[in-house]
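The structure appears right after this line, and notes come after that.
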Amino acid sequence: MVTRIKNFCFVVFCGLFVFFALLCKTLHAQFIAYPQNQTMSDQQLLVIYGTTDSSLFSKFSESFQRNNPDVSIYYKELESGIIFNSILRHDLQPEADLIISSAADLQMKLANDAYALSYRSPNLHRLPDWAHWRNEVYGFTFEPAVIVYNRKFLSDGEAPRTHLQLIKLLEKNKSRFMKKVGTYNIATSGVGYVLATHDVLISSKFWQMTNVFADIDVYLSRSSSELLDALEEERLTLAYNVLGSYAFARASSNKDLGIIVPNDYALVLSRSVLIPRTAKNPQTAKRFIDFLLSNQGQEIASGEIGFESVTQDFKSQFNKQTILKMSSGTVQPIAFMPSLLIAYDHQKRTQFLKVWHEVIGATNLQNDKILDDRHGE
52 MVTRIKNFCF VVFCGLFVFF ALLCKTLHAQ FIAYPQNQTM SDQQLLVIYG TTDSSLFSKF
112 SESFQRNNPD VSIYYKELES GIIFNSILRH DLQPEADLII SSAADLQMKL ANDAYALSYR
172 SPNLHRLPDW AHWRNEVYGF TFEPAVIVYN RKFLSDGEAP RTHLQLIKLL EKNKSRFMKK
232 VGTYNIATSG VGYVLATHDV LISSKFWQMT NVFADIDVYL SRSSSELLDA LEEERLTLAY
292 NVLGSYAFAR ASSNKDLGII VPNDYALVLS RSVLIPRTAK NPQTAKRFID FLLSNQGQEI
352 ASGEIGFESV TQDFKSQFNK QTILKMSSGT VQPIAFMPSL LIAYDHQKRT QFLKVWHEVI
412 GATNLQNDKI LDDRHGE
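Under our numbering, the first residue of the sequence shown is numbered 52, with each subsequent residue one higher.
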């Protein structure tokens, strides 16, 4: 009898362990936040879908709710292509009041095709011209694309400071860096594709770099977080075009990670927000945009989460001016302009990816999907 009870308790314990493990995994991808001392009957529900890690986005939602206790926030973390295609198919449930994405081209495409509401925020004047478009797409962060390396395997003195230095380092040390370098899979990552299309516009060395990546069997990733995980787990020595926001946050707690803002040129991406045309709660969505662009929202962006302020600088380890000082070259923001739509053109996109596929090699593309179904950041 005692044995049966012990066995039963063990089964129950295992079941509860699995349940809470699955629950934690689900909550990592989404959460619904209710302010304290409020009941559901008092609440407006703001539904947000975004590519930002839930743990980081919660910093914004919690601060917003302190000043807006009548608002509950449902946030679900999805990848850029899934959000984009779900808006086109009208199958997001519950329907989105806000879309936040690091894939600027997809946000621009939604706005251009009349899937976004126009809203002129009173804080619009605080944004640089490149960080907004048609009162529909608003940037609220300042995130450089950086090179990250593990100091256990690559010293600060060896680390490349420019794109050309990176190419030469890899070309001269192919055996050393074989399967030890990572970057975005531009066919499955919205951010990766945007960065690559701007790399090729700015640098004549893009295809040379792609060739050497192929030679060393580069690890192709869907996200910056995944690349940083691989660096910390010592599966990679170096990662290229990692979003600086994630890199600075990791490096603050891991001194083995070195970060370089390239000295020849550095691309800067701004995470953007828009209100879908079908939003059920557009007025609250507008309040949230105003908050993101306010001093309070920008201070959060510039704080421990490392997104950095796009409007002005705050006291933090890595602010806009600090980042600019880390590069002696051109710091080039990816502007919210019609040129992003050209990069999205189906024929141009297909041709660009076709060439990239041929150069990078089939061995790296086992989990590849067409760009219209991008599943990365």
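Built from N, CA and C at the ideal position, the CB exists for glycine as well.
Provide the residue span of the alpha helix (DSSP H) that contains Ile-109, from first to last. Taking the sequence shown and counting its residues from 1, the one referred to as residue 109 is at position 58. In the sequence under discussion, the amino acid at residue 109 is Ser, which differs from the Ile named in the question. From DSSP, the alpha helix (DSSP H) with Ser-109 extends over 105 to 118.
Span of the beta strand (DSSP E), counted from its first residue to its last, around Gln-95: Residue numbering aside, residue 95 sits at position 44 when the sequence shown is read from its first letter. Judged by DSSP secondary structure, Gln-95 falls within the beta strand (DSSP E) whose first and last residues are 95 to 101.
Beta carbon of Ser-114, beta carbon of Gln-347: below 8 Å? Numbered from its first residue, the sequence shown carries residue 114 at position 63. Numbered from its first residue, the sequence shown carries residue 347 at position 296. Yes, the Cβ-Cβ distance between Ser-114 and Gln-347 is below 8 Å.
Roughly how many angstroms lie between the CA atoms of Phe-358 and Ala-298, to the nearest whole one? To locate residue 358, count along the sequence shown from 1; it is residue 307. To locate residue 298, count along the sequence shown from 1; it is residue 247. Cα to Cα, the separation comes out at about 10 Å.
I'd like to know whether the C-beta atoms of Phe-387 and Val-242 end up nearer to each other than 8 Å. Within the sequence shown, the letter at position 336 stands for residue 387. Within the sequence shown, the letter at position 191 stands for residue 242. Not in contact: Phe-387 and Val-242 (Cβ atoms no closer than 8 Å).
Taking contact to mean 3 or more Cβ pairs, one atom from each stretch, closer than 8 Å, check whether the segment 99 to 109 and the segment 117 to 137 are in contact. Touching, per the Cβ criterion.
In terms of residues, what are the limits of the alpha helix (DSSP H) holding Gln-347? Walking along the sequence shown from the start, residue 347 turns up at place 296. That run of the alpha helix (DSSP H) goes 346 to 352.
Suppose the cutoff is 8 Å on Cβ atoms and the five residues either side in sequence are ignored; what does the same chain contact list for Phe-257 look like? Translated into the one-based positions of the sequence shown, residue 257 becomes position 206. These residues qualify, in order along the chain: Ala-247, Asp-250 and Val-251.
Consult DSSP for Glu-283 and reduce its assignment to one of helix, strand or coil. Your numbering for residue 283 matches position 232 in the sequence shown. Three-state DSSP puts Glu-283 in a helix.
What three-state label does DSSP hand Ser-296 in the structure shown? Counting from 1 along the sequence shown, the entry for residue 296 is found at position 245. Ser-296 falls in the helix class under three-state DSSP.
Ser-50 versus Thr-239: straight-line alpha-carbon distance, rounded: Since the displayed the chain opens at 52 and closes at 428, residue 50 lies outside it and no answer follows.
Sorted by chain position, which residues of the same chain lie with C-beta nearer than 6 Å to Ser-169's C-beta, five sequence neighbours on each side aside? The residue labelled residue 169 in the question sits at position 118 within the sequence shown. Excluding its 5 nearest sequence neighbours in each direction, Ser-169 has C-beta neighbours in its own chain below 6 Å: Asn-186 and Glu-187, listed in chain order.
Give the straight-line distance between the Cα atoms of Leu-74 and Glu-209, rounded to the nearest whole angstrom. Within the sequence shown, the letter at position 23 stands for residue 74. Within the sequence shown, the letter at position 158 stands for residue 209. Low per-residue confidence applies at Leu-74: pLDDT is 38, beneath 50, and the placement is therefore not dependable, though the value from the model is reported in the following sentence. Cα atoms of Leu-74 and Glu-209: separation of roughly 44 Å, rounded to the nearest angstrom.
Tell me whether the beta-carbon of Thr-451 lies closer than 8 Å to the beta-carbon of Leu-344. Past the edges of the chain, shown from 52 to 428, lies residue 451, and the structure says nothing about it.
Assigned secondary structure, Lys-231 (DSSP; H/G/I helix, E/B strand, else coil): To locate residue 231, count along the sequence shown from 1; it is residue 180. In this structure, Lys-231 counts as coil in the three-state DSSP scheme.
Buried/exposed call for Lys-405, threshold 16 Cβ in 10 Å: Against the sequence shown, residue 405 aligns to sequence position 354. It counts as exposed.
Cα-Cα separation, Ser-202 to Leu-161: Within the sequence shown, the letter at position 151 stands for residue 202. Within the sequence shown, the letter at position 110 stands for residue 161. A quick correction: the sequence has Arg, not Ser, at residue 202. The alpha-carbon separation between Arg-202 and Leu-161 amounts to approximately 41 Å.
Strand pairing of Glu-194, partner residues [DSSP]: For this step, residue 194 is matched to residue 143 along the sequence shown. Leu-320.
Answer yes if the segment 210 to 229 comes into contact with the segment 267 to 278, meaning at least three C-beta pairs across the two stretches below 8 Å, and no otherwise. Yes, the segment 267 to 278 touches the segment 210 to 229.
Presumed contact (8 Å Cβ cut-off) between Val-98 and Ala-147, rounded CB distance: The count along the sequence shown starts at 1 and reaches residue 98 at position 47. The count along the sequence shown starts at 1 and reaches residue 147 at position 96. Contact between Val-98 and Ala-147 is confirmed by a C-beta separation of about 6 Å, below the 8 Å threshold.
Sort out for me which residues DSSP pairs Trp-407 with in a bridge. Residue mapping note: residue 407 aligns to position 356 of the sequence shown, counting from 1. DSSP, once it has assigned bridges, lists no residue as partnering Trp-407.
Same chain, Cβ closer than 7 Å to Lys-371, five either side skipped, listed in chain order: Reading the sequence shown from its first residue, position 320 is the one you call residue 371. Within the same chain, Lys-371 has close Cβ partners Phe-193, Glu-359, Ser-360 and Asp-364.
If you check the beta carbons only, do Leu-271 and Thr-234 fall under 8 Å apart? For this step, residue 271 is matched to residue 220 along the sequence shown. For this step, residue 234 is matched to residue 183 along the sequence shown. Judged by beta-carbon spacing, Thr-234 lies within the 8 Å limit of Leu-271, meaning their Cβ atoms are closer than that value.
C-beta contact flag for Leu-205 and Tyr-291 at 8 Å: To locate residue 205, count along the sequence shown from 1; it is residue 154. To locate residue 291, count along the sequence shown from 1; it is residue 240. No. Outside cutoff.
How about Ala-317 and Ser-274: are their beta carbons less than 8 Å apart? For the purposes of this step, residue 317 is taken as the residue at position 266 of the sequence shown. For the purposes of this step, residue 274 is taken as the residue at position 223 of the sequence shown. Between Ala-317 and Ser-274, the C-beta spacing is not below 8 Å.
Are Gly-190 and Arg-322 close, meaning C-beta to C-beta below 8 Å? Residue 190 sits at position 139 when you count from the first residue of the sequence shown. Residue 322 sits at position 271 when you count from the first residue of the sequence shown. Yes.
Backbone secondary structure at Thr-381 - three-state DSSP: The residue you call residue 381 lines up with position 330 of the sequence shown. In the three-state scheme derived from DSSP, where H, G and I count as helix and E and B as strand, Thr-381 is classed as strand.
Quick one: what's Ala-238 bridged to in DSSP? Here residue 238 refers to the residue found at position 187 when the sequence shown is read from its first residue. Note: Ala-238 sits in no beta bridge, so no partner.
Distance between Val-245 and Val-263 (C-alpha atoms, nearest Å): Residue numbering aside, residue 263 sits at position 212 when the sequence shown is read from its first letter. Residue numbering aside, residue 245 sits at position 194 when the sequence shown is read from its first letter. The C-alpha of Val-245 is placed about 20 Å away from the C-alpha of Val-263.
Taking Cβ positions, are Leu-289 and Tyr-200 nearer each other than 8 Å? Working through the sequence shown from its first residue, we reach residue 289 at position 238. Working through the sequence shown from its first residue, we reach residue 200 at position 149. Yes.
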